[in-house]
Structure formats: structure tokens, C-alpha cells
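Have a look at the structure below, then the notes.
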Amino acid sequence: MTNPIQAMFEAGVIALTDFPPESRYHGIARLEMTLPDGRKVAYLRRRIVPPPTAFATRAFRRVKEAERLDHIAAQEIGSAEAFWQFCDSNGVLWAEDLEEVGREVRLTLPAGVPGVEPDQ
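In the numbering used here, the protein residues as written are 4 to 123.
The following block contains the structure:
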């Protein structure tokens, strides 16, 4: 049985939408492939993470006890869902890698936005 939502996408009844601007997948192309049995599967083109040098530092923050990266993102950026920006700019894949008590997290502007490097 075909998924009814997928069927509506395939029939053009529902337009495919992009991810919201705050998503790490915003602007990533949605592609589709046909499997040998004829089923179509949607997937996203690979996301290339910018190097940490593409981010301008605006501040540094030491992680406190019981503090998570989504909490820091909510306070610093205004969106808990934007925690991934700090992962990208600090060169880590997993948020947990930045959540060690006492770890200094580099808080940055979005990739490609120029800024003035602060003193540490």
C-alpha cells in the first residue's frame, strides 16, 4: 500500500516544500530515486558543512552543569532548534561533544557573515 501523503506528493496535489530557514537542511535539494521494484524514494542531497573558519566568532561561553547546547542556542540565537550552528562552527558532529561542563564553546555568526574576532 502506498503512503497517502507520498501519493499526493507524486500526483502533484501537495507541493514539495523546502525546510524552514532555521533548519540545517534549508536550501538542500530534495531528490528522488526509483528502486529496482519501481518504488520511488525521496532523499536529500548531501549537506556539505562549512569549515569552522567560515564562521566569525562573536563570543565564547563555558558550559555549566546540566546545560545543553539547545539551551545555549535558545539563549544566544533565540531558537533551540539552531543548536546545529554551534556544532558546525565548533567542528563537531554531535551536540553532546560540546556539552561537557567547563568546555568553551565558540559562539559565531552564521557561516559567511563577516564579523570582528573578539579577544578571548
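No residue lacks a Cβ here, since even glycine has one placed at the ideal position from N, Cα and C.
Note that the structure is a prediction, hence the values are computed from the model and not measured.
Secondary structure of A85 (DSSP, three-state): helix.
Per the coordinates, the alpha-carbon of E68 lies some 12 Å from the alpha-carbon of H74.
Rounded to whole angstroms, the Cβ separation of R50 and L34 is 13 Å, and the two are not in contact under 8 Å.
Excluding five sequence positions before and after L38, the CB atoms of its chain that fall closer than 7 Å to its own CB belong to V44, given in chain order.
Listed in chain order, the beta strand (DSSP E) runs fully inside the stretch 60–116 are 60–65, 107–111, counting runs of at least 3 residues. Here the alpha carbons of E103 and I31 stand approximately 31 Å from one another. The Cβ-Cβ distance between G115 and A57 falls below 9 Å. In this structure, the CA atom of A59 is about 31 Å from the CA atom of Y46.
In this structure, C90 sits away from A83, with a CB-CB distance that is not shorter than 9 Å.
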